[in-house]
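If you read the sequence shown in this note's numbering, its first letter stands for residue 370, the second for the next number, and so on. Where a beta carbon is used, it is the ideal one built from N, C-alpha and C, also for glycine. Input: a single structure, listed below in structure tokens.
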Amino acid sequence: MVRRVFIETFGCQMNEVDSGRILTLLGGLGYLQVTDRDEADLILLNTCSIREKASHKVYSAIGALRGWKGHRKGRILAIGGCLAQEAGDEIRRRAPYVDIVFGTHNIASLPEMIRNAETRRRKSVSVEMTGDTRHWDILPCLPEGSVGTMVTIMQGCENYCAYCIVPFVRGPEVSRPAGEIISEIRALSEKGVREVLLLGQNVNSYGKKEGEIAFHRLLRRISDIDGIDRIRFITSHPRDLDEPTIGLFGDLDKLCPHVHLPIQAGSDRILAAMGRGYTREVYLSKVDALRAMRPDIAFSTDFIVGFPGETEDDFRRTIEVMEFVRYDYCFSFKYSPRAGTAAASMDGAASPGDADDRLQRLLALQDLHTAQRLEGMIGKTVEVLVEKPSSRDASRLFGRTGCYKAVNFSSKPGSDPNPFRQVLVEKAGAHSLSGKEA
Ligand code: SAH
Ligand code: SF4
Ligand code: F3S
């Protein structure tokens with residue numbers, strides 16, 4: 370009997386790639402993916418708890434599924450990911466109608482849990498941090514025609530930045546053997562993938578614990594794989610981004626000229642309180658070194674405003690860093706206390722009003738910088754890797770440049786199987802470029 374699954378993914382790329390694996394596993398159990406909840410026999414939420422807002426969003430999504438679950442007998446509701454890991458008991462208390470709660474280390478056990486729910490109607494919870502990495506062997510489901518995809522190179526984090534829940538919900542850092550990563554990427558290239566995004570919470574410390582090859586060596590080996598033309602990675606920790614890796618930006622053509630380098634704050638006092646392990650000077654010197662290697666390199670970052678103890682003067686230093694780097698884009702957040710983290714017991718978080726005010730000023734400046742960086746591309750011819758038809762106008766195409774700018778463009782008449790196109794940039798929008806095939 371064909372069964373149907375609806376999956377919703379919250380949070381970051383780690384969850385996206387895990388959802389891809391879950392779909393592969395469910396495919397093996399005979400489940401077809403659907404986009405309409407009402408058709409589903411199984412709804413699975415892969416959750417995030419990075420900030421309070423993220424957790425709230427998940428709880429309200431679970432609450433909204435109460436009716437769905439009660440509507441027909443035999444429907445299964447499964448909650449996985451970081452909130453499930455952090456608060457499995459709380460989820461079951463608030464929503465006793467949930468059938469399955471599984472943590473970030475229990476993905477490989479999911480088929481068994483689902484079978485149990487299907488046949489014996491038994492509820493199950495599996496949130497042990499077992500260090501299980503069997504899920505690495507499950508290839509995330511790859512939609513037909515994909516030219517780019519994500520590849521896990523490590524899991525977990527041991528940095529314990531004072532504000533961050535990730536080490537608690539993803540567990541200790543473990544790197545995947547280089548040989549497995551290479552084989553996965555070779556297999557992807559045979560399926561037509563041209564761009565890979567290497568995933569880990571701190572890719573620059575890849576392999577250190579295990580005595581694996583260093584991250585820069587891994588990048589070289591991946592660059593030797595035929596058919597792979599673009600390599601990206603996230604996330605780089607500014608403390609651990611080393612000289613050999615920076616040097617590769619002047620050396621490996623396949624390495625895309627874009628680095629996401631989360632600074633969090635521009636004040637050394639706040640960086641120290643966050644336990645980030647670098648000063649603003651060290652951070653900026655790495656930005657300079659990368660620009661020396663690739664003058665066209667794009668930068669993006671993450672900011673937290675209102676961390677405990679952040680004064681107006683500290684915040685001004687964040688603005689100074691923005692003026693210096695001129696990021697192409699950023700993700701910015703108001704500090705949100707997470708239970709169990711070091712910062713949760715620190716005093717002096719900015720008042721909601723001050724935090725809001727800082728966030729608005731930061732966003733206004735970023736909008737200006739984003740616009741300037743995009744306008745700077747007008748008149749240039751850029752190489753775009755085409756992903757799909759444009760969402761606004763299906764006669765046009767959508768793709769990204771090496772520096773990760775979104776581009777919508779009209780292609781030349783006739784069909785061209787090459788997913789890489791040369792595009793003349795004619796206009797800049799608020800977040801994307803527009804042009805025509807050159
Ligand atoms: N490993 C990555 C980040 C993972 S979390 C890194 O080291 O940068 C993604 C982003 O969420 C962080 O960079 C941070 O800006 C933000 N974040 C994490 N915890 C937060 C909290 N408690 N409050 C507000 N923002 C937070
Ligand atoms: Fe969180 Fe810090 Fe680890 Fe990033 S490096 S996941 S911010 S603890
Ligand atoms: Fe990612 Fe959210 Fe977990 S940001 S690691 S899904 S807490």
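What do you get for residue i, buried or exposed, if any count of 16 or more other CB atoms within 10 angstroms of its CB means buried?
i, result
"Y529", "exposed"
"L512", "The sequence shown places Pro at residue 512, not Leu. Flag for P512 reads exposed."
"P584", "In the sequence as displayed, the identity of residue 584 is Phe instead of Pro. When all chains shown are included, F584 counts as buried."
"L540", "The question names Leu, yet the displayed sequence has Gly at residue 540. Buried, by the Cβ-count rule."
"M370", "exposed"
"K781", "exposed"
"Q791", "exposed"
"T404", "exposed"
"S388", "buried"
"H440", "exposed"
"A708", "exposed"
"P786", "exposed"
"A486", "buried"
"G525", "buried"
"Q729", "exposed"
"E581", "buried"
"A456", "buried"
"K442", "exposed"
Could you check whether residue j and residue i sit closer than 8 Å to each other, using their CB atoms as the reference points?
i, j, result
"I747", "A797", "yes"
"C510", "L392", "yes"
"R599", "E564", "yes"
"R545", "T521", "yes"
"A718", "Y704", "yes"
"R686", "R660", "no"
"I534", "S418", "yes"
"T518", "V562", "yes"
"V543", "T488", "no"
"H627", "R695", "no"
"M643", "A724", "no"
"L653", "F693", "yes"
"R484", "W437", "no"
"F672", "L731", "yes"
"R601", "C625", "yes"
"S424", "L446", "no"
"R555", "I476", "no"
"V374", "L411", "yes"
"F537", "V496", "no"
"I597", "M662", "no"
"V516", "E806", "no"
"L617", "Q382", "no"
"A641", "R590", "no"
"L754", "A775", "no"
Does any C-beta atom of chain D lie closer than 8 Å to the C-beta of residue i?
i, result
"Y704", "Note that chain D does not occur in the displayed structure, where there is just one protein chain."
Just tell me which of the options has its CA closest to the CA of residue i.
i, options, result
"G678", "D671, A634, C699 and E692", "A634"
"S701", "Q735, M715 and P536", "Q735"
"F335", "I551, A641 and G804", "The structure shown does not extend to residue 335, since the chain is modelled only from 370 through 807, so no value can be given for it."
"V794", "G722, E581 and G745", "G745"
"S558", "R638, F537, L624 and S592", "S592"
"E752", "G561, H440, F789 and L728", "F789"
"P810", "L743, D407, V674 and K774", "Beyond the ends of the chain as shown, which are 370 and 807, falls residue 810; an answer cannot be given."
"D468", "A477, H474 and D458", "D458"
"T473", "L568, I448 and S493", "I448"
"P631", "Y647, R638, D620 and D622", "Y647"
"T604", "P613, F618, G619 and H629", "H629"
"S636", "G548, I551 and I688", "I688"
"G450", "L434, L479 and G443", "L479"
"E553", "E581, G525, D506 and L588", "D506"
"H504", "N384, G443, E527 and E579", "N384"
"I594", "E581, D622, P613 and P706", "D622"
"T680", "L588, M691 and D726", "D726"
"L765", "S493, G783 and T750", "Looking at the sequence shown, residue 765 is not Leu but Arg. Answer by Cα proximity: G783."
"V434", "E421, Q454 and A409", "First, the amino acid is wrong: residue 434 is Leu here, not Val. That would be A409, whose Cα lies nearest to the Cα of L434."
Does the stretch 391 to 398 come within contact of the stretch 461 to 469, defined as at least 3 CB pairs closer than 8 Å? Contact fails: fewer than three Cβ-Cβ distances are below 8 Å.
Sufficient close CB pairs (3 or more, under 8 Å) joining the stretch 766 to 776 to the stretch 666 to 677: Enough Cβ pairs lie closer than 8 Å, so yes.
Is it a yes or a no for the stretch 594 to 612 touching the stretch 571 to 586, going by three-plus beta-carbon pairs under 8 Å? With the cut-off at 8 Å, the stretch 594 to 612 and the stretch 571 to 586 touch.
Quick one, what's near ligand 2 if you take every residue whose CB is closer than 6 Å to any heavy atom, in chain order? Each of C526, N528, Y529, C530, C533, V535, P536, Q570, N571 and H606 has a C-beta closer than 6 Å to some heavy atom of ligand 2; these make up the full list, in chain order.
Touching or not, the stretch 708 to 727 and the stretch 756 to 765, by the rule of three or more beta carbon pairs under 8 Å? Cβ pair count under 8 Å is below three, so no.
Tell me whether the stretch 372 to 379 and the stretch 410 to 425 touch, counting them as touching only if at least three CB pairs, one residue from each stretch, are closer than 8 Å. The stretch 372 to 379 is in contact with the stretch 410 to 425.
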